[in-house]
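Chains as they are written, first to last, in the working numbering: chain A, 321 to 651; chain B, 532 to 659. Backbone N, C-alpha and C fix where the C-beta goes; we use that ideal spot for every residue, glycine too. Worksheet: the structure to be examined is printed underneath.
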Amino acid sequence: MTTDADPAFSVELRERLVPLFGADITIERLSLLAGGASKEAWALDLRSPHGTRELLVRRAGGGVIHQETLTLEHEHRLVEVAFAADVRVPKPYGYLGEIAGRPAFVSERVSGETIGRRIVQRPDLAGARAVLPVQMADELAKIHAIPAEHVPFLRGVGARDVLDRLTEEVDRLGDAHPAIELGLSWATRRAPGQSETVVLHGDLRVGNLAVTQAGLGHVLDWEFGHCGDPAEDVAWPLVRAWRFGVDERHLGGIGEVEPYLERYNALTGRHITLASLGYWEIVGNLKWAIGALTQSRRHLSGQQRSVELAVLGRLAAEMEFELLHLLERVG
Amino acid sequence: MQDRPHAAELAQAVREFIETEVLPGIDDPRLRFRTLVAANALGILERELTLGAPLVRREVVSLARLLGHADPLPDDLEELRRLASDLNRELALRIRADDTPEGTLAHLLATVADKLRVASPRYLERYR
Numbered sequence: 321m322t323t324d325a326d327p328a329f330s331v332e333l334r335e336r337l338v339p340l341f342g343a344d345i346t347i348e349r350l351s352l353l354a355g356g357a358s359k360e361a362w363a364l365d366l367r368s369p370h371g372t373r374e375l376l377v378r379r380a381g382g383g384v385i386h387q388e389t390l391t392l393e394h395e396h397r398l399v400e401v402a403f404a405a406d407v408r409v410p411k412p413y414g415y416l417g418e419i420a421g422r423p424a425f426v427s428e429r430v431s432g433e434t435i436g437r438r439i440v441q442r443p444d445l446a447g448a449r450a451v452l453p454v455q456m457a458d459e460l461a462k463i464h465a466i467p468a469e470h471v472p473f474l475r476g477v478g479a480r481d482v483l484d485r486l487t488e489e490v491d492r493l494g495d496a497h498p499a500i501e502l503g504l505s506w507a508t509r510r511a512p513g514q515s516e517t518v519v520l521h522g523d524l525r526v527g528n529l530a531v532t533q534a535g536l537g538h539v540l541d542w543e544f545g546h547c548g549d550p551a552e553d554v555a556w557p558l559v560r561a562w563r564f565g566v567d568e569r570h571l572g573g574i575g576e577v578e579p580y581l582e583r584y585n586a587l588t589g590r591h592i593t594l595a596s597l598g599y600w601e602i603v604g605n606l607k608w609a610i611g612a613l614t615q616s617r618r619h620l621s622g623q624q625r626s627v628e629l630a631v632l633g634r635l636a637a638e639m640e641f642e643l644l645h646l647l648e649r650v651g
Numbered sequence: 532m533q534d535r536p537h538a539a540e541l542a543q544a545v546r547e548f549i550e551t552e553v554l555p556g557i558d559d560p561r562l563r564f565r566t567l568v569a570a571n572a573l574g575i576l577e578r579e580l581t582l583g584a585p586l587v588r589r590e591v592v593s594l595a596r597l598l599g600h601a602d603p604l605p606d607d608l609e610e611l612r613r614l615a616s617d618l619n620r621e622l623a624l625r626i627r628a629d630d631t632p633e634g635t636l637a638h639l640l641a642t643v644a645d646k647l648r649v650a651s652p653r654y655l656e657r658y659r
């Protein structure tokens, strides 16, 4: 076995896997793919008499988990429900409970490019980029059709709730951000009234998809799942930060908005307009500007010391700049 | 007065060391990414040490005009920074109270562009 896990962790992990995969299993490889204060991802190769399975173990990190994210147990449940609804997600095998004190779940480990910058640039993914807009619409349509009663733990939020939460986060930053205030003020004045509330992925964009040459392989990272206005989810991949430098391709640096929106509306019977996406794109920039500032506070407060989080405090100005340009355009 | 290298020159020396001697030896993609982020952070520091002071003054001048303050501005950089922070709070409160001063959007576009001159000049280029 090759592993960079401590022995207690791999022994306990194996015990939890026995009810799912049988007693005759051996961990062949266990290596940390990504680690942070909030989540770890482990690549796990599991040998059994039926062959070797390539699995992924997602486990809570040691630090404090962000208030807005789902627990590992709820995230796993949401992925199970999405899998049953035919959404392209890595097959979930089971929630494992706590392993060495932290909750975890296990799923299929899928291949495909997940790094946003490479998805928008790699020459061999040009064909994938051509089909991704329609495929992203397909997945969103399926996700938004998931019956909310199957995932009763998801919080439901309308535009006003989103803005209230963002205002609270701004107030916790400790210093003033007039550009963000201007955006919040605009978004509050223009907030849509009562709208339809559906199950949302909450973070569906380039960078959270596994992309192969055939296009969208799997939808990953469900920890921001919640219920809300479908346009919130449809507009999120339009936000400039998720175009990874290919600014002229408004949808995620890979394509145009119109075919994506047309496909989504045709599949769902909804009539989401470009204007509505424009509203939620502004809110999306607000969300990520405030999110970046909040992340830097985790470093500054000592909750999680990290140069990456620290620098996000300065990069929030990028989202502020985009926000101001969008506000200038809408008047 | 401290001898050379000046602060910005020291930050530059460390950044160049990371870029030319440390990075080429790193294979682990996660560590590589964080090392690039660290080098980028030193670049921000270099630009702030070189460009920062006049940008703070420019922001305070613009904020004072926007908010209708006519008091003379302090010369000391730390006092200017405190004043910028206070005036930004005042502006933020007025925006939240639905009393946004005329010219706020233009002021913010210029001020945030100045922040990007330090934090992310290449991002700013993308809007040209």
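Taking 8 Å as the threshold (beta carbon to beta carbon), is F403 (chain A) in contact with chain B? no
Chain B within 8 Å of V482 (chain A), Cβ atoms only: no
For Y658 (chain B), name the three-state secondary structure that DSSP assigns. coil
Quick one, are the C-beta atoms of I575 (chain B) and V649 (chain B) less than 8 Å apart? yes
Return the CA-CA distance between L614 (chain B) and L594 (chain B), expressed in angstroms with no decimal places. 10 Å
Could you check what DSSP says for S427 (chain A) in three-state terms: helix, strand or coil? strand
Alpha carbons only, please: which of B:G599, B:F564, B:H537 and B:A641 is nearest the one belonging to E648 (chain A)? B:A641
Using beta carbons (cut-off 8 Å, strictly below), is D630 (chain B) in contact with chain A? no
Do you know offhand how far E638 (chain A)'s Cα is from F341 (chain A)'s? 47 Å
Consider the Cβ of H497 (chain A): report whether some Cβ of chain B lies at a distance smaller than 8 Å. yes
Sequence-distant residues of the same chain with beta carbon closer than 8 Å to P423 (chain A), five excluded per side: R379, A380, T391, L392, E393, Y415, L416 and G417
By how many angstroms is the C-alpha of A584 (chain B) removed from the C-alpha of D607 (chain B)? 10 Å
Ordered along the chain, which non-local residues of its own chain (more than five positions away) have a Cβ less than 8 Å from that of L655 (chain B)? A644, L647 and R648
What does D567 (chain A) reach in chain B if we use C-beta pairs closer than 8 Å? R657
Relative to the C-alpha of Q572 (chain B), which residue among B:V545, B:Y658, B:L598 and B:V592 is closest? The displayed chain sequence assigns Ala, not Gln, to residue 572 (chain B). Answer by Cα proximity: B:V545.
H591 (chain A), buried or exposed, once every other Cβ within 10 Å from all chains shown has been counted against 16: exposed
Using 8 Å as the limit for Cβ to Cβ distance, is P652 (chain B) near chain A? no
Using the beta-carbon of each residue, which ones in chain A are nearer than 8 Å to L636 (chain B)? L502, L644, L647 and E648
Residues of chain A with a CB under 8 Å from the CB of L640 (chain B): which are they? F641, L644, H645 and E648
Would you mind telling me which residues of chain A sit closer than 8 Å to R620 (chain B), beta carbon to beta carbon, in chain order? D495 and A496
If L540 (chain A) and A555 (chain A) are in contact, beta carbons under 8 Å, what's the gap, nearest whole angstrom? Contact flag wrong, Cβ pair sits at about 19 Å.
Going by DSSP in three states, I385 (chain A) sits in which element: helix, strand or coil? Per-residue confidence for I385 (chain A) stands at a pLDDT of 46, beneath the threshold of 50, marking its modelled position as unreliable; no derived number is given.
Residue of A:L524, A:E543 and A:E552 minimising C-alpha distance to A511 (chain A): A:E552
Within-8 Å CB hit, V627 (chain A) to chain B: yes
Buried or exposed for V588 (chain A), going by 16 or more other Cβ atoms inside 10 Å? Just to set this straight, residue 588 (chain A) is Thr in the shown sequence, not Val. So T588 (chain A) ends up on the buried side.
Alpha carbons only, please: which of A:E400, A:R429 and A:Q441 is nearest the one belonging to W562 (chain A)? A:Q441
At a Cβ cut of 7 Å, what residues of the region 571-582 of chain B count as close to chain A, listed as they run along the chain? N571, A572 and I575
Determine which residues of the region 587-604 of chain A have a Cβ less than 9 Å from any Cβ of chain B, and write them out in chain order. none
Opposing strand residues paired with V592 (chain B) [DSSP bridges]: The partner list for V592 (chain B) (beta bridge, DSSP) is empty, contrary to what the question assumes.
Let me make sure I understand the geometry here. Which of A:F564, A:A450, A:H619 and A:K411 has the alpha-carbon closest to that of L376 (chain A)? A:K411
Along chain A, which residues have their Cβ under 7 Å away from the Cβ of S593 (chain B)? Near S593 (chain B) there are no residues of chain A at all, since even the closest Cβ is about 11 Å away, more than 7 Å.
Should the region 533-550 of chain A be called in touch with the region 502-511 of chain A, which here means at least 3 C-beta pairs below 8 Å? no
Would A498 (chain B) pass as an interface residue toward chain A - the criterion being a Cβ-Cβ separation below 8 Å? The first residue shown for chain B is 532 and the last is 659, placing residue 498 (chain B) beyond what the model contains.
With a cut-off of 8 Å, does the C-beta of L635 (chain A) fall near any C-beta of chain B? yes
Does the beta carbon of V587 (chain B) come closer than 8 Å to any beta carbon on chain A? no
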